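There are 4 protein chains.
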Amino acid sequence: MKPAPPADTRKDFPLITEIQTRWDDNDVYGHVNNVVYYAYFDTVINRYLIDHGLEIEGAAIGVCVESACRYLREIAFPDRIDAGLRVTNIGRSSVRYEIGIFASGGELCALGHFVHVFVDSATRKPVTIPQNIRAALTALRSSSPAAQP
Amino acid sequence: MKPAPPADTRKDFPLITEIQTRWDDNDVYGHVNNVVYYAYFDTVINRYLIDHGLEIEGAAIGVCVESACRYLREIAFPDRIDAGLRVTNIGRSSVRYEIGIFASGGELCALGHFVHVFVDSATRKPVTIPQNIRAALTALRSSSPAAQP
Amino acid sequence: MKPAPPADTRKDFPLITEIQTRWDDNDVYGHVNNVVYYAYFDTVINRYLIDHGLEIEGAAIGVCVESACRYLREIAFPDRIDAGLRVTNIGRSSVRYEIGIFASGGELCALGHFVHVFVDSATRKPVTIPQNIRAALTALRSSSPAAQP
Amino acid sequence: MKPAPPADTRKDFPLITEIQTRWDDNDVYGHVNNVVYYAYFDTVINRYLIDHGLEIEGAAIGVCVESACRYLREIAFPDRIDAGLRVTNIGRSSVRYEIGIFASGGELCALGHFVHVFVDSATRKPVTIPQNIRAALTALRSSSPAAQP
Chain A
1 MKPAPPADTR
11 KDFPLITEIQ
21 TRWDDNDVYG
31 HVNNVVYYAY
41 FDTVINRYLI
51 DHGLEIEGAA
61 IGVCVESACR
71 YLREIAFPDR
81 IDAGLRVTNI
91 GRSSVRYEIG
101 IFASGGELCA
111 LGHFVHVFVD
121 SATRKPVTIP
131 QNIRAALTAL
141 RSSSPAAQP
Chain B
150 MKPAPPADTR
160 KDFPLITEIQ
170 TRWDDNDVYG
180 HVNNVVYYAY
190 FDTVINRYLI
200 DHGLEIEGAA
210 IGVCVESACR
220 YLREIAFPDR
230 IDAGLRVTNI
240 GRSSVRYEIG
250 IFASGGELCA
260 LGHFVHVFVD
270 SATRKPVTIP
280 QNIRAALTAL
290 RSSSPAAQP
Chain C
299 MKPAPPADTR
309 KDFPLITEIQ
319 TRWDDNDVYG
329 HVNNVVYYAY
339 FDTVINRYLI
349 DHGLEIEGAA
359 IGVCVESACR
369 YLREIAFPDR
379 IDAGLRVTNI
389 GRSSVRYEIG
399 IFASGGELCA
409 LGHFVHVFVD
419 SATRKPVTIP
429 QNIRAALTAL
439 RSSSPAAQP
Chain D
448 MKPAPPADTR
458 KDFPLITEIQ
468 TRWDDNDVYG
478 HVNNVVYYAY
488 FDTVINRYLI
498 DHGLEIEGAA
508 IGVCVESACR
518 YLREIAFPDR
528 IDAGLRVTNI
538 GRSSVRYEIG
548 IFASGGELCA
558 LGHFVHVFVD
568 SATRKPVTIP
578 QNIRAALTAL
588 RSSSPAAQP
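Protein chains in written order, with this note's numbering: chain A, 1 to 149; chain B, 150 to 298; chain C, 299 to 447; chain D, 448 to 596.
Below is the structure:
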């Protein structure tokens, strides 16, 4: 019933970004708290978008309508980790990303997904993804089988 | 293809807890950042478990192996919000929760799920859910249809 | 050389607000991380200002130019705590707050200060504190001896 | 009365560490929230200590008894910034650090201090700073005039 654990490697992601962990990423159990992975996701995605022309204060902004994560292995500050990013679907207004978190040895530690809908920053109504953003997203399209979370 | 938006109300959750938002819950878009909802989930679940006998430094601890959230309406500091909590599955070692976030007027703003596996705090191997915790979880069992995220 | 530990009580603060701790406020040492106290400060101050007319997206916004905290006793999630707020100085553009964090039994756990400068939200140049905000701040003036941090 | 704004440069700090900003470091005003600087401080200090032998789960742990920050210029995600670290006092049990946050162009954006007391992790009573930690701290001693916050 439960899907098999994902076995993605860094090669399954067109973009790999190193992430610095922080002291307060660790919770009382001595590992990075489950919440913090989503801060990694948000950061990797938005840094990529900003590098490719998204304006934080622009007319079209991406808002998250869905996110999910499966946690496979613990990580802990002060580990240095990598995040892999790929795009699995691009619609008129929305895009679905998948993010893999890797330990420095290459083990997959978590796999998540994240759906952005682009909206007008004033009205919050969906808009067509701006052309420069769409091009950047298309460059991250992956033919890997979609993750299950 | 996409599941219909959930329409749960506070009555669909055996436990309702008020949550205080914080200034830094809001991100640059002036609403509670998607990451923060998971901090609400973690807090509501763990407060309930601690109130019912979970010892943070005990032999059996709950670690998150999966979480997800669908975001339906924006909320923003300084809103006061409610979190509803229910349990949809209890196994030997694991439990699946669903959490609804409600605006003060009762509108469902987000619906998520969260899976805990109870493990030995030293070896991190799964253990049977302790009896007092199981009883507390059973009290939150809900016959509502499982949410789809 | 070191100033004597402060001995303020809840009576030394014109405003007392209850604060909910969160699971991820605790760090690996099992107590609320030093960073999180500043999130409490920010929240208590801004909630008060918003309740008294500050518009988050308004023309005049308060930006923090200085903050400090002395940590006296540990607190930990799921403690319920109180924050006391008082104003010790009001200038043309700036205001200095002091915040006390109290355990439920009334013990002072931390004492901090926080300085806001009100600026034009577009130019970020200092402006005169708006009249409605000044009135609200004046209501929190305290004749208690200023704390030393 | 107010001390002159500090004018430290990166050369005034024996250790410089690059820090990655995160999406959720920015608050509604589009800049790194005042709280987050303390997460940077905690991270830089603890990474250094761990690199030099501090064991997070060891017998002697450093707990923060005082911290402060003066904010001089705004920074914002996705800026890459540097943190400078120096030690200004080492006692039997305690150490006082100063941290400078620098923009990529070298401008000083914030200057803070942070005091650790080393305590027994079980009893939380002060202990003598372990020899390997003391040696590492001594290597960061600075003769620069102490900052004023």
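The beta-carbon is built from N, C-alpha and C at its ideal position, and this holds for glycine as well. For clarity, every value in this text was computed on a predicted model and none was experimentally measured.
- Here Thr192(B) carries a helix assignment [DSSP, helix/strand/coil].
- Contacts with chain C at 7 Å (Cβ-Cβ) include Asn195(B).
- Glu204(B) counts as exposed, since fewer than 16 other C-beta atoms from the protein chains shown sit within 10 angstroms of its C-beta.
- In this model, His52(A) and Leu137(A) are separated by some 9 Å (Cα to Cα).
- According to DSSP, Asn473(D) shares a beta bridge with Val479(D).
- Chain C has no Cβ within less than 7 Å of the Cβ of Val119(A).
- Interface annotation for the region 46-62 of chain A against chain D: Asn46, Arg47, Ile50, Asp51, Ile56 and Glu57, criterion Cβ-Cβ distance under 9 Å.
- In terms of Cβ geometry, Arg22(A) and Gly84(A) do not form a close pair [threshold 7 Å].
- For the region 232-261 of chain B, there are no residues whose beta carbon sits under 7 Å from a beta carbon of chain D.
- In the DSSP assignment, Ile101(A) falls within the unbroken beta strand (DSSP E) covering Ser94 to Phe102.
- For Thr166(B), DSSP records a beta bridge to Ala232(B).
- Look at Arg457(D): its C-beta is not under 7 Å from any C-beta on chain A.
- DSSP, reduced to helix, strand and coil, places Asp157(B) outside both helices and strands of the structure shown, so it counts as coil.
- A direct Cα-Cα distance of roughly 12 Å separates His478(D) from Cys556(D).
- DSSP places Ile133(A) within a helical segment (H, G or I) once states are collapsed to three.
- Between His414(C) and Ala366(C), the CB-CB gap reaches or exceeds 7 Å.
- Close partners of Asn132(A) in chain C (Cβ separation under 9 Å) are lacking, with about 26 Å as the shortest Cβ gap.
- The beta carbon of Arg222(B) sits no closer than 7 Å to any beta carbon of chain A.
- Residue range Ala507 to Tyr518 is occupied by the beta strand (DSSP E) that includes Gly509(D).
- Nearest Cα to Ile210(B) within the set Ile248(B), Phe190(B), Asn195(B) and Ile239(B): Asn195(B).
- Residue contact with chain D for Arg124(A): absent (no Cβ-Cβ distance below 7 Å to any residue of chain D).
- Looking only at Ala433(C), Glu372(C), Tyr369(C) and Cys362(C), the smallest Cα-Cα distance to Arg520(D) is reached by Cys362(C).
- Of the other Cβ atoms in all chains shown, 16 or more fall within 10 Å of the Cβ of Glu66(A); this residue is therefore buried.
- Beta-bridge annotation (DSSP): Ala408(C) is paired with Tyr369(C) and Ile399(C).
- The distance from the Cβ of Ile129(A) to that of Ser93(A) is about 6 Å, consistent with a contact at the 8 Å cut-off.
- One alpha carbon belongs to Glu167(B), the other to Ala401(C), and they sit about 20 Å apart.
- Annotated as proximal: Val87(A) and Arg141(A), with beta-carbon spacing under 7 Å.
- Distance between Tyr395(C) and Leu313(C), taken at the CA atoms: about 12 Å.
- The residue among Arg517(D), Val475(D) and Asp529(D) with its C-alpha nearest the C-alpha of Thr490(D) is Asp529(D).
- Cα atoms of Pro304(C) and Asn331(C): separation of roughly 20 Å, rounded to the nearest angstrom.
- Inter-residue distance for Asp228(B) and Phe267(B) is about 33 Å (C-alpha atoms, whole angstroms).
- Under the three-state reduction of DSSP output, Ile90(A) falls in the strand class.
- Contact between Ala39(A) and Asp567(D) is ruled out by a C-beta separation of about 33 Å, above the 8 Å threshold.
- Comparing alpha-carbon positions, the option among Gly404(C), Val326(C) and Asn387(C) lying closest to Asp306(C) turns out to be Gly404(C).
- When DSSP reads this structure, Pro573(D) sits in a beta bridge with Val566(D).
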